[in-house]
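> Chains as they are written, first to last, in the numbering used here: chain P, 745 to 917; chain S, 35 to 112; chain X, 24 to 271. We put the CB at the ideal spot given by N, CA and C, even for glycine.
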Amino acid sequence: MAAEANSAAGMPQLEFATFPNQVLWLVLALVVLYLILSRIALPRIGSVLAERTGTIANDIAAAETFKLQAAEAEAAYHKALDDARAAAAKVVEEARAEIQKDLDVAIAKADSEIAARSAESERRIAEIRESANEAVTAVAKEATKDILAAFGVKADARSVTATVNARLKESAA
Amino acid sequence: MEGDIVQMGAYIGAGLACMGMGGAAVGVGNVAGNFLAGALRNPSAAPGQTATLFIGIAFAEALGIFSFLVALLLMFAV
Amino acid sequence: MAEESGGFAIHPMDQFIVRPLLGGDTVGMFTITNVTLWMTLTVIAVSLVLVVGSRGRALVPTRSQSIAEVLYSFVYKMVEDVAGHDGVKYFPYIMTLFMFILFSNLLGLLPWSFTTTSHIAVTAVLAAAVFITVTVLGFVLHGASFLKLFWITSAPLALRPILALIEVISYFVRPLSHSIRLAGNMMAGHAVVKVFAGFAGALGLFGVLPILAVTAVYGLELLVSVIQAYVFTILTCVYLRDALHPHH
Numbered sequence: 745m746a747a748e749a750n751s752a753a754g755m756p757q758l759e760f761a762t763f764p765n766q767v768l769w770l771v772l773a774l775v776v777l778y779l780i781l782s783r784i785a786l787p788r789i790g791s792v793l794a795e796r797t798g799t800i801a802n803d804i805a806a807a808e809t810f811k812l813q814a815a816e817a818e819a820a821y822h823k824a825l826d827d828a829r830a831a832a833a834k835v836v837e838e839a840r841a842e843i844q845k846d847l848d849v850a851i852a853k854a855d856s857e858i859a860a861r862s863a864e865s866e867r868r869i870a871e872i873r874e875s876a877n878e879a880v881t882a883v884a885k886e887a888t889k890d891i892l893a894a895f896g897v898k899a900d901a902r903s904v905t906a907t908v909n910a911r912l913k914e915s916a917a
Numbered sequence: 035m036e037g038d039i040v041q042m043g044a045y046i047g048a049g050l051a052c053m054g055m056g057g058a059a060v061g062v063g064n065v066a067g068n069f070l071a072g073a074l075r076n077p078s079a080a081p082g083q084t085a086t087l088f089i090g091i092a093f094a095e096a097l098g099i100f101s102f103l104v105a106l107l108l109m110f111a112v
Numbered sequence: 024m025a026e027e028s029g030g031f032a033i034h035p036m037d038q039f040i041v042r043p044l045l046g047g048d049t050v051g052m053f054t055i056t057n058v059t060l061w062m063t064l065t066v067i068a069v070s071l072v073l074v075v076g077s078r079g080r081a082l083v084p085t086r087s088q089s090i091a092e093v094l095y096s097f098v099y100k101m102v103e104d105v106a107g108h109d110g111v112k113y114f115p116y117i118m119t120l121f122m123f124i125l126f127s128n129l130l131g132l133l134p135w136s137f138t139t140t141s142h143i144a145v146t147a148v149l150a151a152a153v154f155i156t157v158t159v160l161g162f163v164l165h166g167a168s169f170l171k172l173f174w175i176t177s178a179p180l181a182l183r184p185i186l187a188l189i190e191v192i193s194y195f196v197r198p199l200s201h202s203i204r205l206a207g208n209m210m211a212g213h214a215v216v217k218v219f220a221g222f223a224g225a226l227g228l229f230g231v232l233p234i235l236a237v238t239a240v241y242g243l244e245l246l247v248s249v250i251q252a253y254v255f256t257i258l259t260c261v262y263l264r265d266a267l268h269p270h271h
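The following block contains the structure:
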C-alpha cells in the first residue's frame with residue numbers, strides 16, 4: 745500500500761514533513777484572528793449588546809414613569825369630575841332655593857290677596873244682608889199696618905214695630 | 035509473500051479495531067438515553083444539563099474515534 | 024489497495040494531502056500551501072461574520088448582525104456558565120478558538136476544499152495551546168496549591184494516592200483526547216463521504232443510492248462540525264474552570 749499512486753501513500757496526517765508548515769500557518773491565523781476579534785469585533789458586539797440592554801432598561805423605566813403619570817392624570821380627572829358634580833349639585837340646590845323663595849313670596853301674596861278679596865266679599869254680603877233685613881222689616885211693618893188698616897184697626901205704630909221685630913228675630917233664629 | 039501476510043494481518047486488525055466503534059455507539063446511546071429518561075422525569079432541569087450531555091457524548095465518542103484511528107493507522111501507516 | 028480487490032479507484036485520504044499552491048513539490052515551513060489558503064479563508068469568513076456583520080451597530084439588529092450577536096452571546100454564556108464569572112476575562116481567547124474551529128469545519132465541507140482541522144498537527148497545536156495556557160494559569164493563580172486538583176480530599180485517605188495517579192494521567196491525556204477527537208471526527212466524516220462518492224462513480228446508474236447516502240452523511244457532517252466545535256470549546260471552558268477553581 746505504500747506504493748500507491750502519487751502521494752496517497754499512508755495518511756497525509758502523518759506526513760511529518762508538512763507539520764512545521766501547518767503549525768506556522770495555524771499560529772499566524774490564530775494570532776490574526778485573535779487580534780481581529782479582541783480589538784474590533786468583540787468590543788463592538790459587546791457594546792451593542794450592552795447598549796441594547798441599557799436602552800431596554802431605560803425604556804422600561806420610562807414606561808413605568810408614564811404609567812405613574814397616567815395614573816396621576818386619571819386621579820386628577822376623577823377629582824375634577826367629582827368637583828364639577830358637587831358644583832353642579834350646589835347650583836341646582838341654590839336655584840331650587842331661589843325658586844322656592846319666589847314661590848313662597850308669590851304664594852304669600854296670593855294668599856293675602858285672596859284673604860283681602862274674601863274679606864271684602866264678606867263685608868259686602870253682610871251689607872247686603874243688613875239692607876235686606878231692613879227692607880224686610882220695613883216691608884213687614886208696612887204690610888202689617890196695611891193689613892191692620894184693612895181690618896179697620898188703628899194700629900199703634902210702636903207695638904207693631906216691636907211685634908214684627910220679635911217675629912223676625914224668631915224666624916231668623 | 036511475507037509482505038502479503040503482513041498486509042493481511044493489518045487489514046484484519048483494522049477490521050477488528052472497528053469493533054471498538056460499537057462500544058462507542060453503546061456509550062453514546064447510553065448517555066443520550068439516560069439524559070432523555072432524566073429529562074422526561076424532570077423537564078425543568080434538562081436545559082441546564084445539555085452542556086453536560088454534550089461533554090459526556092464527546093468523551094464516549096472520542097473512544098470510538100480512537101478505534102477508528104487505529105484502523106486507519108493499520109490500513110495506511112503500517 | 025482498492026484497485027487490487029474491486030477495481031474502484033477510491034482514495035479517501037487524498038483530500039487531506041498538504042500541497043504547495045505555487046508550484047514546487049516540497050512543503051517547507053514557509054511554503055504557501057492549501058493549508059495557508061483555507062486558514063486565510065477561515066479568518067476572512069470569521070471576520071466577515073463578526074466584523075462586517077456587526078458594522079451597523081444597530082439597536083435593532085439586521086440579519087447579519089443577529090448572527091454575530093447570537094454567536095457572541097452563545098459563547099459568552101458558555102464561558103460564564105461553565106468557567107464561572109472570572110472566566111469571562113478569557114472570553115476573547117475562547118471565542119477565537121470556537122470561531123476558528125467552527126469555520127474550519129464548515130468550510131471543509133465545501134466540495135474540493137481542504138479541512139485544516141482534520142490534521143493532527145493543527146488540532147494538536149490547538150489542544151496544546153489550551154493545555155499549556157490552563158496549566159500555566161493554574162500555577163500562576165494558585166501556586167503549588169493547584170496540585171490539590173489531583174488530591175481528592177473527599178475520598179478515603181487510602182485511596183487518595185491511587186486516585187491522584189489516575190487524575191494525573193487523565194490530566195495529561197486531556198490534550199491528546201482533545202485534539203484527536205476533533206481531528207478524528209473531521210477525518211472520519213470526510214473519508215466516509217469520499218468513500219461513498221467513490222461508490223457512486225463505480226456503480227453507474229445505481230450510483231443514485233450512494234449519492235443519497237452521501238447526502239445523508241453530509242447532513243450528519245454539518246451537525247458533527249458544529250457539535251465538535253462546541254465540544255472543543257466547552258471542554259476548554261471546563262479545563263479553564265479547573266485552573267480557576269482547582270478545589271471544586
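Between L245 of chain X and chain S, is there a C-beta pair that is closer than 8 Å?
No, L245 of chain X lies away from the interface with chain S (no Cβ there is under 8 Å from its Cβ).
> Counting along the chain, where does the alpha helix (DSSP H) carrying E795 of chain P start and finish?
Run containing E795 of chain P: L786 to A894, per the alpha helix (DSSP H) assignment.
> DSSP on P77 of chain S, reduced to helix/strand/coil?
If DSSP states are grouped into helix, strand and coil, P77 of chain S belongs with the helices.
> Residues of the segment 96 to 111 of chain X with a CB closer than 9 Å to any CB of chain S: list them in chain order, please.
Correct list: M101, D104 and V105.
> Check whether the Cβ of I804 of chain P lies closer than 8 Å to any Cβ atom in chain X.
So, not an interface residue.
> Per DSSP, which residues does P134 of chain X bridge with? Please list them.
None, per the DSSP bridge assignment.
> Return the CA-CA distance between T86 of chain S and T49 of chain X, expressed in angstroms with no decimal places.
C-alpha separation (whole angstroms): 45 Å.
> At a cut-off of 7 Å, would you count L263 of chain X as near the ligand SAH, judging by its Cβ distance to the nearest heavy atom?
Ligands displayed in this structure: none; no statement on the ligand SAH is therefore possible.
> With H, G and I counted as helix, E and B as strand and the rest as coil, what does DSSP make of P43 of chain X?
In the structure shown, P43 of chain X sits in a strand (DSSP, three-state: E or B).
> Let me know if W135 of chain X comes out buried or exposed under the rule of 16 or more other beta-carbons within 10 Å of its beta-carbon.
So W135 of chain X counts as exposed.
> What are the boundary residues of the alpha helix (DSSP H) that includes I250 of chain X?
Here the alpha helix (DSSP H) through I250 of chain X covers V231 to L267.
> Return the bridge partner residues of T158 of chain X from the DSSP annotation.
In DSSP, T158 of chain X forms no bridge with anything.
> What residue range does the alpha helix (DSSP H) around V50 of chain X cover?
It is not in any alpha helix (DSSP H) - V50 of chain X carries neither H nor E in the DSSP assignment.
> With 7 Å as the C-beta to C-beta threshold (strictly closer), list the residues of the segment 199 to 218 of chain X near chain S in chain order.
Listed in sequence order: S200, I203, R204, G207, N208 and A211.
> Would you kindly report the start and end of the unbroken alpha helix (DSSP H) that includes W174 of chain X?
Premise fails: W174 of chain X is in no alpha helix (DSSP H) and is neither H nor E.
> With distances taken Cα to Cα, identify the nearest neighbour of V111 of chain X among X:P269, X:T259 and X:H270.
Residue X:T259 is the option with its Cα nearest to V111 of chain X.
> Between which two residues does the alpha helix (DSSP H) containing A92 of chain S stretch?
Note, A92 of chain S: alpha helix (DSSP H), T84 to L106.
> Looking at the secondary structure, which residues open and close the alpha helix (DSSP H) in which S87 of chain X lies?
Run containing S87 of chain X: R86 to M101, per the alpha helix (DSSP H) assignment.
> Give the straight-line distance between the Cα atoms of G56 of chain S and S70 of chain X, rounded to the nearest whole angstrom.
For G56 of chain S and S70 of chain X, the distance between alpha carbons rounds to 40 Å.
> Would you say V72 of chain X and I90 of chain X are within 8 Å of each other, going by their C-beta atoms?
Going by C-beta atoms, V72 of chain X is nearer than 8 Å to I90 of chain X.
> So P761 of chain P contacts chain X; which residues on that side make the cut at Cβ distance below 7 Å?
This sequence places Ala at residue 761 of chain P; Pro is not what is there. V50, listed in chain order.
> For the alpha helix (DSSP H) that contains E36 of chain S, what are its first and last residues?
Per DSSP, E36 of chain S belongs to the alpha helix (DSSP H) from E36 to A51.
> Using 8 Å as the threshold, is the C-beta distance between I11 of chain X and F88 of chain S below it?
Any question about residue 11 of chain X goes unanswered here, given that chain X covers just 24 to 271.
> Closer than 8 Å is the cut-off here; do at least three beta carbon pairs connect the segment 146 to 153 of chain X with the segment 201 to 216 of chain X?
Result yes; three or more Cβ-Cβ pairs closer than 8 Å.
> With distances taken from CA atoms, which of X:G212, X:G242 and X:S77 is nearest F102 of chain S?
Among X:G212, X:G242 and X:S77, the Cα nearest to that of F102 of chain S belongs to X:G212.
> Do you know offhand how far T256 of chain X's Cα is from E808 of chain P's?
Each residue's alpha carbon lies about 41 Å from the other.
> Spell out whether any CB of chain P is found under 8 Å from the CB atom of L70 of chain S.
No, its Cβ sits nowhere closer than 8 Å to a Cβ of chain P.
> Secondary structure at H142 of chain X, three-state DSSP: helix, strand or coil?
H142 of chain X falls in the coil class under three-state DSSP.
> According to DSSP, is K112 of chain X part of a helix, a strand, or is it coil?
Reduced to three states, the DSSP call for K112 of chain X is helix.
> From D900 of chain P to V883 of chain P, what distance separates their C-alpha atoms?
Looking at the two C-alpha atoms, the distance is approximately 16 Å.
> Output, in chain order, the set of chain C residues within a Cβ distance shorter than 8 Å of A96 of chain S.
No chain C appears in the structure shown, which is made up of the protein chains P, S and X.
> Return yes when the Cβ of A94 of chain S is within less than 8 Å of the Cβ of G61 of chain S, no when it is not.
Cβ atoms of G61 of chain S and A94 of chain S: closer than 8 Å.
> Looking only at its chain, what residues have a beta carbon closer than 6 Å to the beta carbon of S248 of chain X, apart from the 5 residues adjacent to it on each side?
So the qualifying residues of the chain are N128 and L129.
> Would you verify that the beta carbon of S28 of chain X is, or is not, closer than 8 Å to some beta carbon of chain S?
Low local confidence applies: a pLDDT of 43 at S28 of chain X is under 50, so the model's placement there is unreliable, with the coordinate-based value given in what follows. No, S28 of chain X lies away from the interface with chain S (no Cβ there is under 8 Å from its Cβ).
> Under 8 Å, Cβ to Cβ, is there at least one residue of chain X near L103 of chain S?
Chain X, which has a Cβ nearer than 8 Å to the Cβ of L103 of chain S, makes this yes.
> Contact defined as beta carbons within less than 8 Å: I believe T888 of chain P pairs with N909 of chain P. What is the distance between those atoms, to the nearest angstrom?
T888 of chain P to N909 of chain P, Cβ: 11 Å. No contact.
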